[in-house]
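Protein sequence lines correspond, in order, to chains G and Y. First residue of the first sequence: 0, per numbering that gives the first Met the number 0; consecutive thereafter. First residue of the second sequence: 0, per numbering that gives the first Met the number 0; consecutive thereafter. Beta carbons: idealized from backbone N, C-alpha and C, even for Gly. Please read these numbers as outputs of a predicted model, since none were measured by experiment. All remarks here apply to the structure that follows.
Number of protein chains: 2
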Amino acid sequence: MVDSGENARRFTAQDLSFLGDRLAARFGARFSTGQALRDQHASVLTWLPPQAPDGVVFPESEAEVAEIVRLCSEHGVPVIAYGTGTSLEGHVNAPEGGISVDMGRMNAVVAVHAEDLDVVVQPGVTRKQLNDYLRDQGLFFPIDPGADASIGGMAATRASGTNAVRYGTMKDNVVSVRAVLANGEVVSTASRAKKSSAGYDLTRLLVGSEGTLGIITEVTLRLHGIPEAISAGVCPFATEKAACDAVIATIQSGLAVARIELLDALMVRAANAYSGLDLPESPMLFLEFHGSEAGVAEQAERFGEIAAEYGGGPFSWATRPEERTRLWTARHNAYWAAGALRPGMRSLATDVCVPLSRLAECVAETRRDIDETGLVAPIVGHVGDGNFHVQPIIDVDNADEVEACKGFLERLVQRALAMEGTCTGEHGVGQGKRKYLKAEHGEAALAAMKAIKTALDPKGILNPGKILPD
Amino acid sequence: MVDSGENARRFTAQDLSFLGDRLAARFGARFSTGQALRDQHASVLTWLPPQAPDGVVFPESEAEVAEIVRLCSEHGVPVIAYGTGTSLEGHVNAPEGGISVDMGRMNAVVAVHAEDLDVVVQPGVTRKQLNDYLRDQGLFFPIDPGADASIGGMAATRASGTNAVRYGTMKDNVVSVRAVLANGEVVSTASRAKKSSAGYDLTRLLVGSEGTLGIITEVTLRLHGIPEAISAGVCPFATEKAACDAVIATIQSGLAVARIELLDALMVRAANAYSGLDLPESPMLFLEFHGSEAGVAEQAERFGEIAAEYGGGPFSWATRPEERTRLWTARHNAYWAAGALRPGMRSLATDVCVPLSRLAECVAETRRDIDETGLVAPIVGHVGDGNFHVQPIIDVDNADEVEACKGFLERLVQRALAMEGTCTGEHGVGQGKRKYLKAEHGEAALAAMKAIKTALDPKGILNPGKILPD
């Protein structure tokens, strides 16, 4: 169904054998070619065919990552950075073979600068691990993709999540990175100053480059103070369109909502079943407000007025931390909940993002398309950013269903592009969306991206077969 | 005092003559080689020696810009994009000769998408022109360098200003750009979606590239709703250190101040004289709060408590729009006010930025250095971001004074770098700060920047002698 890259290997069995001997000599038990481990390091969360690497190595320092890249480069063998393996577009697959570099052991919080609201972490730290670490200091890191992903992987894929509407994405919350380039050199992209005009923005170039320009070995992140007051709630609507219109009006009013998420009726049903909620099975907004006690109350009241204009309500407010946690855990488990709608079938989570003004229209057309195509495909999304997910659950052994789903996905992306949107708001390109890059960016921009890739990785050893189409 | 690039021309008089003929034939009176016009298009706002281009052309469309770049490329002649000429580090100088491309006639607001909070503009639109245009719709664009700079120039230099502490810099407020690359191709860097994970971040690569990677021909900007309530005020402190400590405490408390600016006593004196204010001549914070009526009052009260802890006060609050405008006009005219302290002398405005926790220390050491060096050099800054300016006013005919100032500037940058800061928070590199780039970024990062430059501009015709050291 997608172009997942050729399996053409540009290195010989002898290259690989030499490299394996050198990695084994250098890293001992931290290098393995065992089949089970290799299979674990291929893309297993999606319906994309897994393509296992030829070996897996577990570095414990930046210097070791540099050494691995230099060794692989000498033998012309690809290097694929691996965080938690929770990406959804085949980012960690090895279509041309190569060595998976598992950053899981580089999981230290290096330094918290509470007074500067920043933290320096190794790439294997996960978002939950980081927030557990920070909690006592009254600080938090807001970016929250569904999975408990690693910070390195989140930076590499320009991840976002439910809080992005207020706090931005990884693009906005990465202060600087350290990374090993294809030549084995280590770059540090920026100082800890909050802003700078000193030279090209290598930070933002590496954020979202999906391991194709460098392997991130350290990340400095912006932090935020845990708000004095948080309130969350759910608000049902008669239709997805009414919910989207309420979202549009909320954002346009300047209300600084911290989270505003849409679940369609099917996703609410899935969440009820999977997470033990008892919400009415209609399109639903999940909301959260951050601020002072008075500020949160003011925001909630204003949102209530807006929702009522679109026939939404009644609200259920969850001000107790346990209730809030229950709601947001259910939201974060949406991927698994949706999958459970058809046990044993494959989930095909995809995302697009459009300008907010087109959101209601895009969701409504997508709903119509799902129904006409006859798919089981719940919709859930970070609608405050114009970003939503569709998750068809399909029987991959049913050729008709696969074909129908293929057509639906094509139409979804073309619809988003026609509305001045993007083929992916936050999942990234990986293998699954390479074919849309030309339509989205045009020949000249794509040529510029390829020129940059070639300049920084002339041998093409860093995560080949990802982002850029052939 | 600085390495302003060699004057070595890589093209012959014949190249230039042929090119001139072709530009004259194509653009008629919109191309000129008159000396006065050429001199106007060299860097005249700073003490850097002006280096006039060989000709100036005034395109009226993106297609014309592409045509100019192609013609210049054919003859190997540099192309220097020109906005309003208000940059401070020699960005528009032509050290290797070449053609200045004045974007002043491309000054249309192309489209306002109020419902998406974005606007599409041509690069010659200035920030004041844009805000005048937007006011009726209840929207504003917050980035405000001192000068009424063009949006294209602001994007190219990654400008910021007084509102950056709340609204971010050009990095955060540019949604996408269209640009002509060195090969004459036009790229569009991103869709209008609020976020995307689709490919390399060409937007952020062009923002801050100072015309060395492409010439920006259109910019899509994020807009913000004009706040329901705005209050501004000034608060004197006994010392700069006390003022900085109050700033640090304010930001750390999570107070979402919209503006928090430091003027040292000398700058207050200059502003009083130049802008007819009558502020006490002591270190002073200028502040502004945006929000709801209740929110603004709450913020002001909390700031008052913090300031008092550091001995600051009394406040003078200016809630009437005219009073506010008077204060902020005085702040924006600080460059001219400072210059008027020594009429006929040269202003040497420079800026650095450090992590907030180091701000008080950095300003205090800089104050001591100014006093010991015996310079007339007011300090003013966007201290909420850890960013401050020093503006020595020097007699360029006095070799001792020039030498003393040179030493001071070196120490200022080294001090900022030693404190994990940057050699420029917002002015950019241009010619003046090329020599610091290696110390700030290191060999490997600089090599990566050069590789990108070479990949996208192999002939080196786009604004040569800027950003990257030789």
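- Out of G:V120, G:V389, G:L133 and G:F236, the CA that lies nearest to the CA of G:E308 is found in G:F236.
- With at least 16 other beta carbons inside 10 angstroms of its own, Y:T125 counts as buried.
- If you look at G:S315, you'll find it in the beta strand (DSSP E) that goes S315 to A317.
- A straight-line Cα-Cα distance of about 4 Å links Y:S187 and Y:R177.
- Take G:N386, set aside five residues on each side of it, and the residues of its chain with a beta-carbon closer than 7 Å to its own are D350, C352, G380, G424 and E425, in chain order.
- Unbroken alpha helix (DSSP H) stretches of 4 residues or longer found wholly inside the segment 1 to 69 of chain G: 12 to 26 and 34 to 39, given in chain order.
- G:H90 is the residue among G:H90, G:F314 and G:G19 whose C-alpha sits nearest the C-alpha of G:Q430.
- The alpha-carbon separation between G:E59 and Y:A447 amounts to approximately 25 Å.
- For G:V256, none of the residues of chain Y pass the 7 Å Cβ criterion, the least Cβ distance being about 14 Å.
- Excluding the 5 residues flanking it on each side, Y:L408 has same chain C-beta neighbours closer than 7 Å at T349, in chain order.
- For G:D200, the closest Cβ of chain Y is nearer than 8 Å.
- Inclusion of G:G253 and Y:G224 in the CB contact set at 8 Å is warranted, their separation being smaller than that value.
- DSSP places G:V179 within a strand segment (E or B) once states are collapsed to three.
- Contact of Y:A197 with chain G is assigned, a C-beta pair being separated by under 8 Å.
- For Y:E371, the enclosing alpha helix (DSSP H) stretches over residues L358 to T372.
- By DSSP's assignment, G:P235 forms a beta bridge with G:M283.
- With the criterion set as a beta carbon lying under 7 Å from some beta carbon of chain Y, the members of the segment 406 to 428 of chain G are E419, G420, T421, C422, T423, G424, E425, H426, G427 and V428, in sequence order.
- Interface annotation, G:N92: not in contact with chain Y, CB-CB separation never under 8 Å.
- Measuring C-alpha to C-alpha distances from Y:P122 to each of Y:A241, Y:V173, Y:R29 and Y:F288 identifies Y:V173 as the nearest.
- The straight-line gap separating the alpha-carbon atoms of G:K437 and Y:S190 is approximately 13 Å.
- Three or more Cβ pairs closer than 8 Å define a contact, and the segment 356 to 372 of chain G falls short of that threshold against the segment 15 to 31 of chain G.
- Taking CB atoms only, G:I451 has a neighbour in chain Y less than 8 Å away.
- The continuous alpha helix (DSSP H) containing G:I451 extends over residues L436 to L455.
- Minimum Cα-Cα distance from Y:K127 among the listed residues Y:D115, Y:D143 and Y:V118 corresponds to Y:D143.
- Taking a C-beta cut-off of 7 Å against chain G, the contacting residues of the segment 338 to 372 of chain Y are C352, V353, P354, L355 and S356, listed in chain order.
- For G:V353, there is no enclosing beta strand (DSSP E), as DSSP marks it with neither H nor E.
- Here G:P49 has D38, A41, S42, V43 and N92 as same chain residues with Cβ atoms under 8 Å from its own Cβ, once five neighbours each way along the sequence are excluded.
- For Y:S346, same chain residues with a beta-carbon under 6 Å away, outside a window of 5 residues either side, are G338, Q390 and I392 in chain order.
- Beta-bridge pairing by DSSP links Y:G82 to no other residue.
- DSSP lists no beta-bridge partner residue for G:T168.
- Under the three-state reduction of DSSP output, Y:L220 falls in the strand class.
- At a cut-off of 8 Å between C-beta atoms, Y:V206 counts as an interface residue with respect to chain G.
- Nearest to G:C361 by C-alpha distance, out of G:L411, G:T324 and G:F314, is G:L411.
- Proximity to G:A192 across Y:I466, Y:G420, Y:F26 and Y:H112 peaks at Y:G420, based on C-alpha coordinates.
- Against chain Y, a Cβ distance below 9 Å from G:L455 picks out A447, A450, I451 and A454.
- Among the CB atoms of chain Y, one or more fall inside 8 Å of the CB of G:S190.
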